[in-house]
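Shown next, in structure tokens, is the structure this report addresses.
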Amino acid sequence: MSIAENLLQIRSELPESVTLVAISKTRPVSDILEAYAAGQTDFGENKVQELVDKEEQIRETLRWHQVGTLQRNKVKYIAPFVHLIHSVESRKLLLEIEKQGAKNSRTIDVLLQMHIAEEESKFGLDEKELKELMDDPEIRELRHIRIRGLMGMATFTEDTVQVAREFRGLRKLYDQVSTSYSGMDNCLIDTLSMGMSGDYRIAVEEGSTLVRVGTAIFGARNYGSN
Ligand SMILES: *Cc1c(COP(=O)(O)O)cnc(C)c1O
4 MSIAENLLQI RSELPESVTL VAISKTRPVS DILEAYAAGQ TDFGENKVQE LVDKEEQIRE
64 TLRWHQVGTL QRNKVKYIAP FVHLIHSVES RKLLLEIEKQ GAKNSRTIDV LLQMHIAEEE
124 SKFGLDEKEL KELMDDPEIR ELRHIRIRGL MGMATFTEDT VQVAREFRGL RKLYDQVSTS
184 YSGMDNCLID TLSMGMSGDY RIAVEEGSTL VRVGTAIFGA RNYGSN
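Going by our numbering, the first residue of the sequence shown is number 4, and it counts up by one from there.
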């Protein structure tokens, strides 16, 4: 199936309230333009260099999402235009985003990435670290970041019961954050980023508001080093 057909198929499965972010990492600009022509406006990349290169090459105003591990020294390259950073997992990174937001006279929307997978290797904050961050008086004062919600990746497994359990846990935490912190000046909690090609249906059932889908739109990636 073509990119346009894949998009149509996936959108038909998603409730209207769920945002579809097309993860275009490793894909050529021509694929992105094909998706854009089919009505797709949100795109995500996991490498800053690739994100910046693509943003420069494409004239249309797309909404660019940063979804991979983000090094502090690279925030400055995406700060002028990034729509949402999904992968904040430290106080230091948040402070750097604040600094670059101020330099660009923008408020940068971010999600806090949570560790939900039962496997060891995935990144993210645990519940205690999340609360420490949200309760930190210095963080509460920041005016060039806005916390929009949480992001998480489930364990890569065929066990759909386990995947559903991990997503359910994240949704519960998201609801708690939404209740406890919505009054904070730099919080507008409305985004729960969970679900990829292999598990977005489960994620939506468990209350995701944004899915990050690559392979199911663009086909299998040819991986070099990533
Ligand atoms: C690559 C990637 C995706 C998309 O993965 P697919 O399995 O191709 O849909 C989603 N989220 C993150 C953080 C990624 O790095």
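Just so it is clear, CB atoms sit at the ideal spot from N, CA and C, and this is done for glycine as well.
Between the C-alpha atoms of GLU16 and MET197 there is a straight-line separation of about 15 angstroms. Of the other Cβ atoms in all chains shown, 16 or more fall within 10 Å of the Cβ of SER211; this residue is therefore buried. Residue burial is scored here from C-beta neighbours: ARG30 has at least 16 other C-beta atoms within 10 angstroms and is therefore classed as buried. In this structure, ARG151 sits away from ASP188, with a CB-CB distance that is not shorter than 8 angstroms.
For ARG174 and GLU37, the gap between their C-alpha atoms comes out near 33 angstroms. Sorting ALA206, LEU54 and ILE35 by C-alpha distance to the C-alpha of ILE119 places ALA206 at the top.
Distance from the C-beta of SER200 to the nearest heavy atom of ligand 1 is below 7 angstroms.
One thing to note: ASP34 has its Cβ within 8 angstroms of the Cβ of ILE6. Distances from the CA of GLN179 to each of SER20, LEU133 and ASN76 were compared; the closest alpha carbon is that of LEU133.
Beyond the five residues adjoining it in sequence on each side, SER20 comes within less than 7 angstroms, by CB distance, of THR212 in the same chain, given in chain order.
Sequence-distant partners of ARG66 (beyond 5 residues in either direction) whose C-beta falls short of 6 angstroms from its own C-beta, in its chain, are THR44, ASP45 and HIS86. The closest heavy atom of ligand 1 lies less than 7 angstroms from the beta carbon of VAL70. In this structure VAL78 is in contact with GLN103, their Cβ atoms being roughly 5 angstroms apart against a cut-off of 8 angstroms.
By the Cβ-count criterion, VAL166 is buried, with 16 or more other Cβ atoms from all chains shown falling within 10 Å of its own Cβ.
In summary, ASP202 is buried, with 16 or more beta-carbon neighbours lying within 10 Å of its beta-carbon over all protein chains present. Annotated three-state conformation of SER196 is strand, per DSSP. Under the three-state reduction of DSSP output, ASP56 falls in the helix class. If the five residues before and after LEU114 are omitted, its C-beta is found closer than 8 angstroms to the C-beta atoms of LEU87, ILE88, HIS89, SER90, VAL91, ILE150, ARG151, GLY152, LEU153, MET154, THR194 and SER196, all from its own chain and listed in chain order. Here GLN60 is exposed: its Cβ has fewer than 16 other Cβ atoms, across all protein chains shown, within 10 Å. Distances taken from the Cβ of LYS28 to the heavy atoms of ligand 1 include one shorter than 7 angstroms.
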